[in-house]
Amino acid sequence: MTNELEERNRKRKARRMRRRLFSLLGFALLLIYIPAVWNWVFSVNYEIGVIKTSTLEIKVPLQGVLVRKETPLKSPGDGILIPSISYGERVANKGEVAAFIHSDKKTVVDNYRQTEIEILKRVVDQYDNSFGTERELWENAIETQIGKLTDLSNSGNLSNADSMRVAIDNVLEAKARYLLENVPDGDLKDEKKELERLRSSREKSVKSVLSPSSGVVSYHCDGYEEQLNAANINDITLQRLKSIKKQEVSTDKYLTPSEIAVKKDQSFGKLVTNDEGWIVFFVPEKQGKELKVALDKAKLNNLELSYEVELQGVNERVPVSIQEVGDVAEGYQKVVAHMNKYIEKTMELRSVAGNLVTQSVTGMRVPLRSLINENQVDHTADIVVVEMNKARIKRVQIVGRQDSYAIIDNLDPKDSDKSVKVFEVFLLNPKNVEEGQVVEK
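Under the numbering used here, the first residue of the sequence shown is numbered 1057, with each subsequent residue one higher.
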């Protein structure tokens, strides 16, 4: 009996010892892991980045309208116009822009033309023995036009195929006339007389439409050629711009039409003087006030305030000079800019949208979200850099900003302790960070 009691007591003591041992081990583990768990649950995971040098362009969104020196080209009557000048080419003062054929003489002229083509074909068949550089010249001219026609076919858009066909016909006709002028004396005497008679007869049925001045020819009119000009730039308002945008047509590039059916006094094209033009645009009020201050400062120093403009549909940036910054209306400020380049490349555009590139800044680029305690007056802010695994808060100057990035610079470059450097590590999300705080990378 005594032995049984002793055995029970021994086992009870052994169980108590094991429980105490396990409790001690559990307590030790808590001491070790509780700080790690606490840090995992309640600490902030900081993102880090490296300061790099980059160029940031400061852009202001704009919407506006193009104003040019334009003269509508009007038809002398009812009939058909055959362009003599290709789209986008310059015509001299009093030069022929197109040949006008009255509607009741079109059939006669077509017959003349068909006979002329048949004679020229006979000339090519009999005397086309050109070789060397001369032959290469004609072949290159024809291949160029065929290449354009192939590109149109591959794109699936054959709306301008007629223009390409006319261009190929013009090259072949020029070659035939060249051959005709160089055939031996006495050959094709009858054909030459016939061509001369046809030419004389056709000239009696065709009237030349002459250019009132020199300029670049376009065969697209939008109806604003006489409404928008340098004299009434001040009349362009934000409401007027909105009405122009509503009436805006396609801005596709136009090739030279083979012929144009017209009515008397109808505008079939326009003549653009490409020495100068204007962009009247509207920008947000805040940026508009900055432009006005910059313009006033430039005028005081007898300088020109020049920028570049990005326009949708135009590959090149258009250099402009600001002439005037108007009043604020509906949260926008009106700006008048002068341009003297790329006018012929923008002559199919009327209402435009794009960006005014006001500044190009090179320096240390960082995300805006990495800057804290920003002062909107002097444009300074704090950035948190990591030195020896500790946070260092340094004050920097914001030189420029665009979208979600900023270019920063040191307030005092001579003070190396308070300066930030290229390739220095910084915090992308510096929330609730204190000076000297340990930062685990």
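For each residue, glycine too, the CB sits at the ideal point set by N, CA and C.
All values derive from a computational prediction rather than experimental measurement.
Other residues of its chain near residue i: CB distance less than 6 Å, five sequence neighbours each side excluded
{"i": "residue 1412", "result": "1116, 1118, 1363, 1365"}
{"i": "residue 1103", "result": "1484, 1485"}
{"i": "residue 1384", "result": "1341"}
{"i": "residue 1284", "result": "1123"}
{"i": "residue 1323", "result": "1128, 1130, 1277"}
Cutoff 8 Å; reference residue i; Cβ partners in own chain excluding five residues on either side
{"i": "residue 1148", "result": "1267, 1270"}
{"i": "residue 1467", "result": "1436, 1451, 1452, 1453, 1474"}
{"i": "residue 1286", "result": "1123, 1125, 1334"}
{"i": "residue 1136", "result": "1156, 1157, 1159, 1162, 1315, 1316, 1317, 1318"}
Presumed contact (8 Å Cβ cut-off) between residue i and residue j, rounded CB distance
{"i": "residue 1261", "j": "residue 1157", "result": "7 Å"}
{"i": "residue 1131", "j": "residue 1318", "result": "4 Å"}
{"i": "residue 1427", "j": "residue 1438", "result": "7 Å"}
{"i": "residue 1273", "j": "residue 1145", "result": "6 Å"}
{"i": "residue 1370", "j": "residue 1402", "result": "6 Å"}
{"i": "residue 1313", "j": "residue 1280", "result": "Contact flag wrong, Cβ pair sits at about 21 Å."}
Residues near residue i in its chain [Cβ-Cβ closer than 7 Å; skip 5 each side]
{"i": "residue 1361", "result": "1350, 1351, 1354, 1377, 1378"}
{"i": "residue 1076", "result": "none"}
{"i": "residue 1423", "result": "1460, 1461, 1484"}
{"i": "residue 1172", "result": "1251, 1254"}
{"i": "residue 1443", "result": "none"}
{"i": "residue 1392", "result": "1289, 1334, 1336, 1379, 1380"}
{"i": "residue 1458", "result": "1112, 1113, 1114, 1115"}
Check whether residue i and residue j have beta carbons under 7 Å apart
{"i": "residue 1114", "j": "residue 1387", "result": "no"}
{"i": "residue 1107", "j": "residue 1496", "result": "no"}
{"i": "residue 1263", "j": "residue 1134", "result": "no"}
{"i": "residue 1175", "j": "residue 1247", "result": "yes"}
{"i": "residue 1381", "j": "residue 1359", "result": "no"}
{"i": "residue 1453", "j": "residue 1410", "result": "no"}
{"i": "residue 1333", "j": "residue 1129", "result": "no"}
{"i": "residue 1338", "j": "residue 1390", "result": "yes"}
{"i": "residue 1419", "j": "residue 1463", "result": "yes"}
{"i": "residue 1494", "j": "residue 1446", "result": "yes"}
{"i": "residue 1110", "j": "residue 1421", "result": "yes"}
{"i": "residue 1356", "j": "residue 1121", "result": "no"}
{"i": "residue 1154", "j": "residue 1142", "result": "no"}
{"i": "residue 1440", "j": "residue 1489", "result": "yes"}
{"i": "residue 1345", "j": "residue 1375", "result": "no"}
Reduced DSSP secondary structure (H/G/I, E/B, other) of residue i
{"i": "residue 1399", "result": "coil"}
{"i": "residue 1477", "result": "coil"}
{"i": "residue 1489", "result": "coil"}
{"i": "residue 1311", "result": "coil"}
{"i": "residue 1053", "result": "With the chain running from 1057 to 1497 in the structure shown, residue 1053 is simply not present."}
{"i": "residue 1344", "result": "helix"}
{"i": "residue 1134", "result": "coil"}
{"i": "residue 1171", "result": "helix"}
{"i": "residue 1282", "result": "coil"}
{"i": "residue 1160", "result": "helix"}
{"i": "residue 1254", "result": "helix"}
{"i": "residue 1295", "result": "helix"}
{"i": "residue 1459", "result": "coil"}
{"i": "residue 1352", "result": "helix"}
{"i": "residue 1141", "result": "coil"}
{"i": "residue 1126", "result": "strand"}
Sheet register partners of residue i (DSSP bridge)
{"i": "residue 1431", "result": "1436"}
{"i": "residue 1271", "result": "1147"}
{"i": "residue 1495", "result": "Per DSSP, none; premise fails for residue 1495."}
{"i": "residue 1420", "result": "1109, 1464"}
{"i": "residue 1469", "result": "BP columns for residue 1469 are empty, so no partner."}
{"i": "residue 1482", "result": "1105, 1441"}
{"i": "residue 1394", "result": "1334, 1377"}
{"i": "residue 1409", "result": "1119"}
{"i": "residue 1384", "result": "1389"}
{"i": "residue 1414", "result": "Answer is none; residue 1414 lacks a bridge partner."}
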